[in-house]
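Heads up: take any position in the sequence shown, counting from 1, add 22, and you land on full-length UniProt numbering.
Cβ coordinates follow ideal geometry from the N, Cα and C atoms, glycine included.
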Amino acid sequence: VQEKLSLLKENTHNTVNSLLTDLALERAALVDAKIANGETIGLLEGIPFGIKDVYMLQGTYTTASSDLLKNYKSAYTATAIQKLLDAGAIPIVKENCDSFGHGSSSENTIFGAVKNAVNPELVGGGSSGGSAVNVAKDYTIFSIGGDTGGSVRQPAGYNNVYGLKPTYGRISRYGLMAYASSTDCVGPLAKSVEDIRIVLNTMSGKDTKDQTTYTSKTIEEDSILNASNIKTVGYFKNFIESEAIDAQIKADFLATIEKIKAKGIEVKELDFFKSDILVSTYYTLAMAETASNLSRLDGTNYGDRIEDKNLKESYAITRSEKFSEETKRRIVGGNQVLSQGFSDEIYLKGLALRDAISENFEKDFEEVDIILSPVTPSRPPKIGDSLKDPLAMYLSDAYTVGFSLGHLPTLTIPQGTETGLQLTAAKNNDELVLKFANFLK
Ligand code: GLN
């Protein structure tokens, strides 16, 4: 813990939180004492980990990398984080990210852009960029990101680590600051499938504080070592044949397909919705939900407040000054699609498309065990570029958002390239993606 903390002090792309440092050292001393006493310790006991700064951890700041909440202290601890604490893991850092999860580059933050671990001129990816970089650079053993439309999987791909978006509802969202509640997922990032398995098992389970959670079976170590029940995989033809895909990403993906065929697995081409439909469906719903979720941030109950003539003016100036441009773009867009005259035309259409996307997946999983996809159509941009073109940034989410809308378990595995490979299975079949990841190793 001490070693990792000393590394973090040099790490400018982190919210190093001194309150957290003291807590970490206290907890580490307890584990040391146990070891000195000859007591056996648990698998996660004493393991230092990072937390995307959107999770409540009582007594520490939870800023969502935003100006509005930069002085906000968590009043309680998120269920997923509490389970890790109960298992003895030690949080050492609240990690830099796109503010409220709004972004794909970790540049929408008051703490400065997160630099890519492989090439510091490029973005770290987002929104869980700090989490992916910390794992890639061995500053943390694992980190807990949040994935609404790709925020764990995409930075994992950009930094060559593993990142899982579990089935929606497998892990409680209680204490995760809500972005788009209908697709928000808690997701671990780590350097091995085994670490992902252990952390996933620890955080999973039904929670009365999140009614979308369900009870899941523990994934045993042995059960993910044998992939003989995986016979057929598929991929979306239109993703790979799209004009928007980077030539290198396409070549890497097709090489992977050949490798899989050579291992005796059948590979099928599948039909799917076009990227622009996926991206517009996701952003319609995500913006609507975030406009609603962030309406509570008016400077009254949480975070900083700017006083003005009256209450209404105070709300307006607090929100205008303290939300970032990207966050305001989403709130304005979200309120528009929810407003009278637009909601039937846009929001309800988004909901219908989401159902159609889920049905498409159900059909696919009657035919194949796993769906493969590149994580992104494009390579990580240079720092500064995404800010100039928000629409291009939204389009870079084309390959991750569909799986979010479908509530499916999806894992990014590193490929030694800049973007990684995504493995997806049917709902509640998180075990199968871990199995296939081991098989591909
Ligand atoms: N990049 C996507 C967005 O900005 C996904 C973000 C996320 O998963 N939190 O909405």
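Checklist line | Residues bridged to Leu292 [DSSP beta-bridge criterion] | finding: Phe258, per the DSSP bridge assignment.
Next item on the list: With hydrogens ignored, establish whether the beta-carbon of Val155 is closer than 8 angstroms to any heavy atom of the ligand GLN.
Entry: For the ligand GLN, no non-hydrogen atom lies closer than 8 angstroms to the CB of Val155.
Next item on the list: Consult DSSP for Gln437 and reduce its assignment to one of helix, strand or coil.
Entry: Here Gln437 carries a coil assignment [DSSP, helix/strand/coil].
Check: The beta strand (DSSP E) spanning Lys187 covers which residue range?
Finding: It spans Tyr184 to Lys187 - the beta strand (DSSP E) in which Lys187 sits, taken as one unbroken run.
Check: From the DSSP output, which residues share a beta bridge with Pro70?
Finding: Pro70 pairs with Ile112.
Next item on the list: Please report the Cβ distance between Ser238 and Ser226, rounded to the nearest whole angstrom; I am assuming they are in contact, meaning their Cβ atoms lie under 8 angstroms.
Entry: With 8 angstroms as the limit, Ser238 and Ser226 qualify as a contact, their Cβ atoms being about 5 angstroms apart.
Item checked: Cα-Cα separation between Leu47 and Ser173, rounded to whole angstroms -> Rounded to whole angstroms, Leu47 to Ser173 spans 30 angstroms at the Cα level.
Next item on the list: Would you tell me roughly how many angstroms separate the C-alpha atoms of Lys137 and Cys119, rounded to the nearest one?
Entry: Cα to Cα, Lys137 sits roughly 11 angstroms from Cys119.
Check: Looking only at DSSP bridge pairs, what is Lys137 linked to?
Finding: As computed with DSSP, Lys137 is found in a beta bridge with Val145.
Note to self: For Ile163, tell me which candidate among Phe71, Pro396 and Asp293 has the shortest Cα-Cα distance.
What the structure shows: Cα-wise, what sits closest to Ile163 is Phe71.
Next item on the list: Quick one: residues in its chain with C-beta nearer than 6 angstroms to the C-beta of Ala313, no 5 flanking neighbours on either side, listed in chain order?
Entry: These residues qualify, in order along the chain: Ile353, Gly356 and Asn357.
Check: Say the cut is 8 angstroms; is the CB of His124 nearer than that to a heavy atom of the ligand GLN?
Finding: Taken from the Cβ of His124, at least one heavy atom of the ligand GLN lies inside 8 angstroms.
Notebook entry, point to check: Measuring CA to CA, which of Thr101, Asn181, Pro188 and Lys116 is closest to Ser88?
Noted result: Proximity to Ser88 across Thr101, Asn181, Pro188 and Lys116 peaks at Lys116, based on C-alpha coordinates.
Notebook entry, point to check: In three-state terms, what does DSSP make of Val208?
Noted result: Val208 falls in the strand class under three-state DSSP.
Note to self: Closest to Val157 by C-alpha separation, out of Leu211, Ala109 and Pro142, would be which residue?
What the structure shows: Checked all of Leu211, Ala109 and Pro142; the closest Cα to Val157 is Leu211.
Next item on the list: Please classify Glu384: is it buried, with 16 or more other beta-carbons within 10 angstroms of its beta-carbon, or exposed?
Entry: By the neighbour-count rule (16 or more Cβ atoms within 10 Å), Glu384 is not buried but exposed.
Note to self: Would Leu91 and Thr85 qualify as a contact pair, given that the criterion is a beta-carbon distance under 9 angstroms?
What the structure shows: Yes, these two residues count as a Cβ contact at 9 angstroms.
Check: Hey, how far is the Cα of Leu430 from the Cα of Leu316?
Finding: Cα to Cα, the separation comes out at about 26 angstroms.
Item checked: Phe164, DSSP secondary structure in three states -> It is a strand residue.
Note to self: Could you give the first and the last residue of the continuous beta strand (DSSP E) run that contains Thr446?
What the structure shows: Note, Thr446: beta strand (DSSP E), Leu443 to Thr446.
Notebook entry, point to check: Using CA coordinates, which residue listed in Phe294, Tyr304 and Leu370 is at the minimum distance from Lys259?
Noted result: For Lys259, the closest of Phe294, Tyr304 and Leu370 by C-alpha to C-alpha distance is Phe294.
Next item on the list: Using 10 angstroms around the beta-carbon of Asn323, count the other beta-carbons present and answer buried if the total reaches 16, otherwise exposed.
Entry: Exposed, since its Cβ has fewer than 16 Cβ neighbours within 10 Å.
Item checked: Same chain, Cβ closer than 6 angstroms to Thr170, neighbours up to 5 away in sequence not counted -> In chain order, Gly123, Tyr201, Ala202, Thr205 and Asp206 place their CB closer than 6 angstroms to the CB of Thr170, counting only its own chain and leaving out the 5 sequence neighbours on each side.
Note to self: Give me the DSSP bridge partner(s) of Leu106.
What the structure shows: Leu106 pairs with nothing; no bridge assigned.
Margin query: Counting beta carbon pairs with one atom in the segment 448-461 and one in the segment 329-343, are three or more of them shorter than 8 angstroms?
Written below: No, the segment 329-343 does not touch the segment 448-461.
Notebook entry, point to check: Between which two residues does the alpha helix (DSSP H) harbouring Pro177 extend?
Noted result: Run containing Pro177: Arg175 to Tyr180, per the alpha helix (DSSP H) assignment.
Next item on the list: Taking 8 angstroms as the threshold, find out whether the segment 249-268 comes into contact with the segment 386-397 through three or more Cβ pairs.
Entry: Yes: the two stretches touch, three or more of their Cβ pairs being nearer than 8 angstroms.
Check: In whole angstroms, what separates the C-alpha of Leu276 from that of Gln24?
Finding: So the two alpha carbons sit approximately 44 angstroms from each other.
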